[in-house]
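In my numbering, the protein residues as written are 3 to 363. All residues carry an ideal CB built from backbone N, CA and C; glycine is no exception. Since the model is a prediction, treat every value here as computed from it, not as a measurement. The next block holds one structure in the form of structure tokens; read it before the comments.
Written out as structure tokens, the structure is:
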């Protein structure tokens with residue numbers, strides 16, 4: 003089988019089968035992260051301004067070992083979940099306009115975590131988390147809430163909370179200390195054990211453990227995207243913003259249909275090391291209305307969505323490979339099976355996953 007990155011959605015509209023692929027692909031593209039267009043990545047940023055955390059927090063973060071990568075990541079997880087802070091950062095991608103964010107985190111006197119993530123450019127997108135209720139406010143979409151302990155944003159929230167979850171999938175490497183945005187920082191390299199996923203470099207503030215910079219790089223070390231902190235304030239008390247939130251006024255949690263046990267129609271023989279199946283059900287695509295078997299794979303750092311359907315009667319015979327910044331969308335056909343893989347992973351890995359899928363016994 004030969005994959006071609008030159009295939010486009012416009013060309014796929016020339017015949018009936020290609021049109022069907024285009025609809026499925028467009029439906030899957032709706033799951034990719036949004037972005038704007040513009041300038042290239044630059045490492046030059048203004049210096050970060052840190053207020054000092056309380057002495058008790060300083061003693062706690064110093065308790066983690068400073069001579070191991072794992073110790074540093076545990077220090078990072080503690081700081082991100084226990085400190086009160088307001089962080090300004092920008093999401094940078096080569097050839098793309100920078101996206102500025104404001105990220106606030108606080109811990110109430112009762113120990114309840116509170117969080118806000120606000121996209122500052124354009125119409126804006128704001129997410130507020132109070133304990134395990136996450137509320138989303140987006141343009142042209144009615145506000146809604148989901149039951150979750152993490153915010154879905156440009157950074158891997160679960161990694162910040164539980165870096166231990168990815169130790170079976172990735173190696174942690176101490177690189178050395180450097181200066182990032184005017185602060186002393188420890189660099190940690192995170193490398194896929196089987197070289198099947200992109201790598202990551204993180205720079206952690208030496209004093210607090212908070213993240214100062216994060217680079218996502220491909221298998222050859224080329225930069226795919228970067229998060230750069232430009233300002234950070236660590237305070238004794240939570241930001242005044244959280245006092246203005248009335249939890250009772252937040253949108254109701256969506257009552258999602260309970261996930262029923264779905265008998266597997268298709269089996270997946272290959273998954274990257276440490277990646278497991280976390281969800282399987284039947285989805286109806288929003289554009290085409292078609293029902294597909296849906297599977298989500300995750301290693302704690304990367305989520306991969308797979309859509310599978312029987313294409314025996316629609317005559318589809320065209321493969322598609324699309325890159326959307328750091329995201330890959332791959333559609334292949336295996337006889338009567340049509341498979342689409344979407345995720346932040348190399349095309350070769352997406353192809354290997356898709357090619358391993360077969361009819362369940």
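Worksheet item: DSSP state of residue 227, grouped into three classes?
Response: strand
Fill in: Contact the segment 159 to 168 vs the segment 133 to 148: 3+ CB pairs below 8 Å
no
Worksheet entry | Inter-residue spacing [alpha-carbon to alpha-carbon] between residue 339 and residue 313 | 6 Å
Fill in: Beta carbon of residue 324 nearer than 8 Å to that of residue 353
no
Discussion item. Using CA atoms only, rank isn't needed, just tell me which of 301, 300 and 286 is closest to residue 294.
Written reply: 286
Worksheet entry | Sequence ranges, beta strand (DSSP E) only - wholly within the segment 233 to 281, length at least 3 | 268 to 270
Item to complete: State the DSSP-derived secondary structure class of residue 1, mapped to helix, strand or coil.
Response: Look at the range of the chain in this structure, 3 to 363, and you will see that residue 1 is not part of it.
Practice prompt. Name the residue from 278, 252 and 213 whose alpha carbon lies nearest to the alpha carbon of residue 149.
Written response: 252
Worksheet entry | Enclosing alpha helix (DSSP H) for residue 76 [first to last residue] | 71 to 84
Worksheet item: Should residue 144 be listed as close to the ligand MN, given that the test is whether its C-beta is under 7 Å from any heavy atom?
Response: Although the ligand MN was asked about, the structure shown includes no ligands whatsoever.
Discussion item. Our contact map puts residue 328 next to residue 227 with C-beta atoms below 8 Å; I'd like the distance itself, whole angstroms only.
Written reply: 5 Å
Worksheet item: Which one of 272, 309 and 304 has the shortest CA to CA distance from residue 283?
Response: 309
Worksheet item: In this structure, what does DSSP give as the bridge partners for residue 203?
Response: 191 and 217
Worksheet entry | Span separating the alpha-carbon of residue 351 from that of residue 248 | 45 Å
Worksheet item: With burial defined as no fewer than 16 other Cβ atoms inside 10 Å of the residue's Cβ, what is the status of residue 347: buried or exposed?
Response: buried
Discussion item. Taking 8 Å as the threshold (C-beta atoms), are residue 66 and residue 87 in contact?
Written reply: no
Discussion item. Which residue marks the beginning of the beta strand (DSSP E) containing residue 357, and which one marks its end?
Written reply: Residue 357 -> not in any beta strand (DSSP E); alpha helix (DSSP H) instead, spanning 349 to 357.
Item to complete: Any chance you could list the alpha helix (DSSP H) runs of at least 4 consecutive residues sitting entirely within the segment 116 to 184, in chain order?
Response: 159 to 163
Worksheet item: For the candidate residues 225, 133 and 189, whose alpha-carbon lies nearest to that of residue 96?
Response: 225
Worksheet item: Distance, Cα to Cα, residue 151 vs residue 163?
Response: 10 Å
Fill in: Nearest-angstrom Cα separation, counted from residue 143 out to residue 114
28 Å
Item to complete: May I have the straight-line CA-CA distance separating residue 235 from residue 105, to the nearest angstrom?
Response: 11 Å
Worksheet item: Between residue 239 and residue 108, what straight-line distance do the alpha-carbon atoms span, to the nearest angstrom?
Response: 8 Å
Worksheet item: In this structure, does DSSP put residue 336 in helix, strand or coil?
Response: strand
Item to complete: Kindly give me the distance between the Cβ atoms of residue 221 and residue 197, rounded to whole angstroms, as I take these residues to be in contact under 8 Å.
Response: 6 Å
Worksheet entry | Straight-line Cα distance separating residue 168 from residue 243 | 33 Å
Practice prompt. Please report the residue range of the beta strand (DSSP E) in which residue 108 lies.
Written response: 98 to 109
Worksheet item: If you run the structure through DSSP and keep just helix, strand and coil, what is residue 283?
Response: strand
Discussion item. Considering just the uninterrupted stretch of the beta strand (DSSP E) at residue 323, what are its terminal residues?
Written reply: 322 to 326
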